[in-house]
Every structure is written in C-alpha cells, then in structure tokens.
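Right, one structure below, let's go through it.
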Amino acid sequence: MARLAIAGGPPVRTKPFPAYKVIGEQEKAAVAKVMDSGILSRFLGAWHKDFFGGPEVQEFESEWATACKAQHAVSVNSATSGLFASCGAIGIGPGDEVIVSPYSMSASSVAPIVYSAVPIFADIHPQTYSLDPESIKKRITSRTKAIIVVHLFGMSADMDPIMEIARAHNLKVIEDCAQAPFATYKGHPVGTLGDLGVFSFNYHKHIHTGEGGMITTNDGKLAERCQLIRNHAEAVVERKGVSNLTNMIGFNYRMGEIEAAIGKCQLNKAPALIKARQENVQYLNALLSNIPGIEIATTKPAGDHVYYVHPLIHDPDITGVSTHVVADALKAELPVTELREGEGTLIRAGYIEPLYMLPIFQNLNEVGVPSGSIKSSGQKVGDNYSLGLCPVTEAVNTRLLIHELIRPPMTTKDLDDVASAFIKVFDNLDKLKEPSKQKKKAEI
5 MARLAIAGGP PVRTKPFPAY KVIGEQEKAA VAKVMDSGIL SRFLGAWHKD FFGGPEVQEF
65 ESEWATACKA QHAVSVNSAT SGLFASCGAI GIGPGDEVIV SPYSMSASSV APIVYSAVPI
125 FADIHPQTYS LDPESIKKRI TSRTKAIIVV HLFGMSADMD PIMEIARAHN LKVIEDCAQA
185 PFATYKGHPV GTLGDLGVFS FNYHKHIHTG EGGMITTNDG KLAERCQLIR NHAEAVVERK
245 GVSNLTNMIG FNYRMGEIEA AIGKCQLNKA PALIKARQEN VQYLNALLSN IPGIEIATTK
305 PAGDHVYYVH PLIHDPDITG VSTHVVADAL KAELPVTELR EGEGTLIRAG YIEPLYMLPI
365 FQNLNEVGVP SGSIKSSGQK VGDNYSLGLC PVTEAVNTRL LIHELIRPPM TTKDLDDVAS
425 AFIKVFDNLD KLKEPSKQKK KAEI
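Residue numbers (the working numbering): 5 to 448.
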C-alpha cells in the first residue's frame, strides 16, 4: 500500500496545476483602445450627461443587463460597494434589522452596519449552504427590513419560499451573487429573483476585471438610487429633482473605462468558462462517487450550478478522522496552482468560521450600531452572537471539503491526479488516525 505523502511518501503529483488565466488578446486590444482614446473615466459627480460614466461603462452595463435578463444594471468598483449601495438604496437605517447569512464572505453581513442597522444571523440549509427559509421565519421581528441572501459556491438559494416570506412581511431581498454569476433557479437567473442582485469581478471569480462589480434590478427607482449612491448623491439630488433623500449621501463606487472594456470581453467568455467548470465537476464526481466517507454535494434546488468551488461532504463518523486531517493529507499529495503559489494547494477543510464570531460582530455597539439598539428579546445587539446561534452552519463547517481544482484549463489528466489523491488518502485512513484512537479500537 502506498505511503502517504504527509508521512514522507511520494506525492501523487508535484507539477503545479495550470493557472486560471482568462485574460487574453481580446482584453489587451480592448484596453489599448481605451488607452488610445485618452478617456480612462468619464464620471462626473454632478448632474450632467457624464454622471452615468463613459461609453465603455454604459455599454458594459447594458450588455450585463441583457445577459442576466434584468431591466437595469449599475456598475460599481466592487461587489462590496454594490452591497453597500444596495442597502442604502432600499432605505435601511439605524436600528433596522437585516437578516444575513453567517456562512459567507464578511461583506454581505457587514453591509447593514454601514447604515447603522443590525445584522441578524439566520442559519443555513445543509444542502444549499444558503439561508434556510425556516430559520429566516424565526428571526423576523417588527424591526426586520430586509434579507440578504448569498448564493454560495455557485448554487442558488431556495428562493421561492424566501420570496414568499419577504412578500408576507414587506421585506426587500438583496441577492449576493458574487460566487454564482449566471446560475439559475427554476429557469430564472440569480440576481433577478429578489429586489437587487450583486455580482463580483474580483480576480478569482468566474470572470474578472481585476476588481469590479455589478448591481442588477428590475426596479427603476432602485437602480436610480444605486446610481446616486455610487456617485456623490448629495451633489446631484437637487438638480436631478430627487425628493426622497434617505441615504442620499453618496460615495465614489465608480468603475473605470478600462475595467468596463475588460468586462465586456469577459462577459463573452463566460458561457464557455462556466460550461468547462460544470463538465470538470461532472467528470470528477464520477471518480469520487464510490469513496466511503465522501458525499457528492447536492445540486438542489433545481437550477444550473456554476461551481465557484467544488464542495464535498466528508463524514468523520465513517472515516474516523477529522476533516482537517483529511484536508492536510490531500494537500500533501497535490501541488500548488500557478499564479496562486502562495496559497498552497487549493483544498481546505470547511469554508469559514461563522461570521458572528468575528470581533466586529461581537462588539457591534463599538463599531457603528447605536448603543441603545435593543433586540426584540430584550438583549443588546451582539449579546447573543455566540457559538450555538446557527448550529447547522457550525456542523456543516466541520464536514465540508472544498477545493478549486475544477477550473479550466484543468484537463482530464489533471482531474485524474486529483481523484488519485483522494483515493490514495481514503485507502490509507488508518495511517491518519491518532495512535490513541487506534489503540482504543484494538482493545475493543
């Protein structure tokens, strides 16, 4: 039986995996065109024809809206800015409560705090990793104003029951689509199911512009408010004739012409890049499906999963070792990925610690939420942000094995190496068990 690399044996592979490099000649030509024009940005923070940006920005917004089947698209300089602008656009204010996910990049849960609102963590569903409608119901109070839903890992949340809850309680819904561009839910694109959708063009997303983001909506008034918050609203509202001044303190969340030109090229590549991810996952799932202790993650609810990462469920009750130990053994068998060498092998145990354990949530009264804010239970905000708040999230995080080794241009040979590492590790689980546990098992 082969000796595990973590124990000093030869690894399955040492040659680095190929980089996810999606910038090419089209993007270079588009950037050169913008450079030659001399117009790197055309935004003016005043009510003027250039308030909406330059030609590349406006064309990118139009093309993105068409691709996502949305009526409006508003470009921003990051998805984080998009989340902040969206919270402002729906009128969130001090003391309002916004239901958020504990299992996400922190920006989706921090966004309400920008407007001194209170993030209320609901638990996730164990199959979608997104907000569980039943947990949402339990978190609603008279102060609840909105729900921020995160479509995690490339799969849509179960949106029908979430939207039913929102309509019943007159709540706005913001979709964080950063990891799921062009994923669908029952035939409908994410980002068009709620009131606002937010997308990311950060460098490690499906398509990228270096940094950047996009907001989608079918509500013209919300689109206008996002445009105002993006670009110095306070200097524009009078001449534009805006009467609702709630949150009309603007920022500079503007996208440049170079990023927009790159984004247009990347948008054209998106279908092929996503299809490659889906085919790679399908191929790898077939190789891993019979390994005891590994469960292929579900693709429920019905829709197209676009696989930002490839989530697998490890059952330590079957293997007898923790997910962290398995992940470390797998990482020892496989190499780094080009252009991301400093991150080590792109495999990890779990995703993140529940967000409510971060210092900013433990000390909300110190970071912008009014000190007098009292939850309906009589507790000050943050008092109940402790382990046990979202038990499903905490349990799921101990069983998830996540890896990124499904992105193009990974070949079937590359995927075979990934599968070989899994098979090797799971064939040698006894070597990973702590000596004390092995001794106890022998005594039994």
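The C-beta atom is built at its ideal place from N, Cα and C for all residues, glycine as well.
| Asked | Found |
| --- | --- |
| contact_flag[the region 404–420, the region 357–370] where n(CB pairs < 8 Å) is 3 or more | no |
| Cβ separation of Val-61 and Ile-262, assumed to be a contact under 8 Å, to the nearest whole Å | Not really, about 10 Å apart at Cβ, beyond 8 Å. |
| Whole-angstrom distance between Arg-147 and Ile-96, CA atom to CA atom | 11 Å |
| Sub-8 Å separation of Met-458 and Ala-182 beta-carbons | Residue 458 lies beyond the range of the chain shown here (5 to 448); nothing can be said about it. |
| First and last residue of the uninterrupted beta strand (DSSP E) at Arg-352 | 351–353 |
| Beta-carbon spacing of Ala-83, Val-202 below 8 Å | yes |
| Contact the region 307–314 vs the region 153–160: 3+ CB pairs below 8 Å | yes |
| Contained beta strand (DSSP E) runs [length at least 3] in the region 153–220, N- to C-terminal order | 176–180 and 200–204 |
| Residues of its chain near Ser-139, where Cβ-Cβ distance is below 7 Å and the 5 sequence neighbours each way are ignored | Ala-126 and Asp-127 |
| Integer Cβ distance of Ala-353 from Leu-405, believed to fall under 8 Å | 6 Å |
| Whole-angstrom distance between Ala-9 and Arg-281, CA atom to CA atom | 28 Å |
| Local conformation of Thr-341 per DSSP, three classes | strand |
| The region 282–298 contacting the region 417–424, beta-carbon criterion three pairs below 8 Å | yes |
| Pro-315 in three-state terms, based on DSSP | strand |
| Unbroken alpha helix (DSSP H) run spanning Ser-79, endpoints | Counting along the chain, Ser-79 falls outside any alpha helix (DSSP H), though it belongs to the beta strand (DSSP E) covering 76–80. |
| Val-102 and Ala-121 closer than 8 Å at C-beta | yes |
| Glu-337 classed as buried or exposed, judged by whether at least 16 other C-beta atoms fall within 10 angstroms | buried |
| Gly-382 burial status per 10 Å Cβ neighbour count (16 or more: buried) | In this prediction, Gly-382 scores a pLDDT of 43, lower than 50, which makes its location untrustworthy; the coordinate-derived value is nonetheless stated afterwards. Exposed, because fewer than 16 other Cβ atoms sit within 10 Å of the Cβ of Gly-382. |
| CA nearest to the CA of Leu-87, picked from Ile-166, Thr-221, Thr-327 and Asp-40 | Thr-221 |
| Cα-Cα separation, Pro-296 to Ala-69 | 44 Å |
| Test item: CB-CB of Ala-34 and Lys-268 under 8 Å | yes |
| Backbone CA spacing between Ala-446 and Ile-166 [nearest angstrom] | Summary for Ala-446: the model assigns pLDDT 39, below 50, so the residue's position carries little reliability, and this model does not support an answer. |
| Contact belief for Ala-71 with Leu-271 at Cβ below 8 Å, rounded distance in angstroms | 6 Å |
| Pro-413 - DSSP class collapsed to helix/strand/coil | coil |
| Given Trp-51 as reference, the closest of Glu-238, His-173 and Cys-394 once Cα atoms are compared | Glu-238 |
| Classification of Arg-7 by the beta-carbon crowding that lies within 10 angstroms, buried from 16 upward | exposed |
| Endpoints, alpha helix (DSSP H) assigned at Phe-125 | Segment 122–125 is the beta strand (DSSP E) holding Phe-125; no alpha helix (DSSP H) there. |
| Exposure of His-192, with buried meaning 16 or more beta-carbon neighbours within 10 Å | exposed |
| Close-in-space but distant-in-sequence residues of the same chain around Leu-433 (CB under 7 Å, 5 per side omitted) | Thr-323, Gly-324 and Val-325 |
| Three-way DSSP call (helix, strand, coil) for Ala-50 in this model | coil |
| Beta carbon of Ile-152 nearer than 8 Å to that of His-173 | no |
| CA-to-CA distance, Lys-435 to Thr-213, given in whole angstroms | 45 Å |
| Beta-carbon proximity list for Thr-302, same chain, < 7 Å, skipping 5 on both sides | Gln-131 |
| Ile-278 - DSSP class collapsed to helix/strand/coil | helix |
| Alpha carbon of Lys-417 to alpha carbon of Ile-351, nearest angstrom | 18 Å |
| DSSP beta-bridge partners of Ala-239 | According to DSSP, Ala-239 bridges with nothing at all. |
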